[in-house]
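First up is the structure itself, then whatever we jot down about it.
So, in structure tokens, the structure goes:
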């Protein structure tokens, strides 16, 4: 199979942008601790960095859809992210806290471009079919790769020098993503679920920004495949958001208080393995069947880890759970691409990513509030949320059509179905 010309530079762009975003979760806290002696300011700055994702996600998607020059849009958005990180490297712990928080909020507002915004470009770079399914599996692998590499890279540089150079390197990574994004081929029009490039611009291209924002939210709610996968993954991420705290508590319970990162690294490595396996062997497996299967598998792995007799066994079972987490992300991306109505694909991607980040933040807060409970009980609760998410997806997704029965339109054509121009 000859690779599509835009896929490789896209993957480089995604890796660079997401490395910066993932590394910030560790680097900004370490930088504040280094300069002030307290991690409190770092926690506030990180909150200011993440909070705008929820509000900025629909706006980012709408602006991406409306941009007459998508190359310039992505250059400016990723450049803004790089500038925000660079300024934070200079002023965190030195400037008044309100100023630092304002800069973090502005830089973080560009964050949805690095996540759902970039994933929405895959359908413009790779035609529909197994090639696109493979591309989304590789795109999911970039998330998993940076979840391992980002914190590790920041920690190594901070240990060799200080946290400030680590933050500067993240700014350079985001700037590199802006440069490579400007070089991507943006020639394919976004045709939503049809994927054939035949849709001509219609009246929707002249809608107001407010109408576009409403169209994206309406698509996520009205298209049953989108509603099912968004609701299920958001519920699952309430649990995933509390997993880092739970991992630290589990390690401490085993007498290894500094080994919580080992469990999360095992999860990330398993997810990377699962994503690459989908890209290699399972790219034609139906995404709608993969979602509940992966949620159930992740839940089983985490539930087994709660009952594991040793820390080593727990780490291995975290990796097993991760093997299911990786394909879940690639299946989610495929469903968003296949079922997004024309003109709102970027919004569907950014809204979905923003909701998952919000759900994870809620899960993190819940885990902190319940930190006094036995960590095994917390982990069982997280596993139960994965099972509940699998059941929710089965409940909400459309039922398969009987053979020979025509499909009813629900805002987007079914997978493989073509629409006229």
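Residue numbers (the numbering used here): 5 to 425.
Ideal Cβ positions, reconstructed from N, Cα and C, are used throughout, including at glycine.
Here the structure is a predicted model, which means the values were calculated and not measured.
Alpha-carbon to alpha-carbon, residue j and residue i
i           : j           : result
residue 234 : residue 222 : 13 Å
residue 331 : residue 99  : 43 Å
residue 75  : residue 153 : 27 Å
residue 343 : residue 46  : 39 Å
residue 322 : residue 186 : 38 Å
residue 39  : residue 226 : 49 Å
residue 54  : residue 269 : 22 Å
residue 317 : residue 346 : 47 Å
residue 200 : residue 105 : Any reading at residue 200 needs caution, since the residue's pLDDT is 36, under 50, leaving its predicted position unreliable; the model's value is listed next. So the two alpha carbons sit approximately 44 Å from each other.
residue 132 : residue 338 : 10 Å
residue 41  : residue 365 : 25 Å
residue 172 : residue 179 : 11 Å
residue 289 : residue 402 : 18 Å
Per-residue DSSP class, three states only, for residue i
i           : result
residue 73  : coil
residue 125 : coil
residue 87  : helix
residue 436 : The requested residue 436 is not part of the displayed model; the chain covers only 5 to 425.
residue 116 : helix
residue 330 : helix
residue 344 : coil
residue 314 : coil
residue 296 : helix
residue 231 : helix
residue 290 : coil
residue 97  : coil
residue 102 : helix
residue 246 : coil
Contact under 7 Å by Cβ, residue i with residue j
i           : j           : result
residue 282 : residue 141 : yes
residue 240 : residue 393 : yes
residue 306 : residue 181 : no
residue 117 : residue 86  : no
residue 121 : residue 107 : no
residue 34  : residue 167 : yes
residue 109 : residue 52  : yes
residue 27  : residue 174 : yes
residue 310 : residue 253 : no
residue 303 : residue 390 : yes
Where the alpha helix (DSSP H) through residue i begins and ends
i           : result
residue 354 : 349-373
residue 140 : 134-164
residue 22  : 11-40
residue 377 : It is not in any alpha helix (DSSP H) - residue 377 carries neither H nor E in the DSSP assignment.
residue 169 : 167-186
residue 46  : 44-54
residue 130 : It is not in any alpha helix (DSSP H) - residue 130 carries neither H nor E in the DSSP assignment.
Whole-angstrom C-beta distance between residue j and residue i, which should lie under 8 Å
i           : j           : result
residue 426 : residue 298 : This structure leaves residue 426 out entirely; the chain is present only between 5 and 425.
residue 271 : residue 326 : 4 Å
residue 355 : residue 124 : About 11 Å separates the two Cβ atoms, so there is no contact after all.
residue 350 : residue 144 : Not quite, the Cβ-Cβ distance comes to about 18 Å (not below 8 Å), so this is no contact.
residue 218 : residue 115 : Between residue 115 and residue 218 the Cβ distance is about 23 Å, and since that is not below 8 Å, they are no contact.
residue 11  : residue 139 : 6 Å
Residue i: CB within 6 Å of a non-hydrogen atom of the ligand SAH
i           : result
residue 135 : What this structure holds is no ligand at all, so the ligand SAH is not there to describe.
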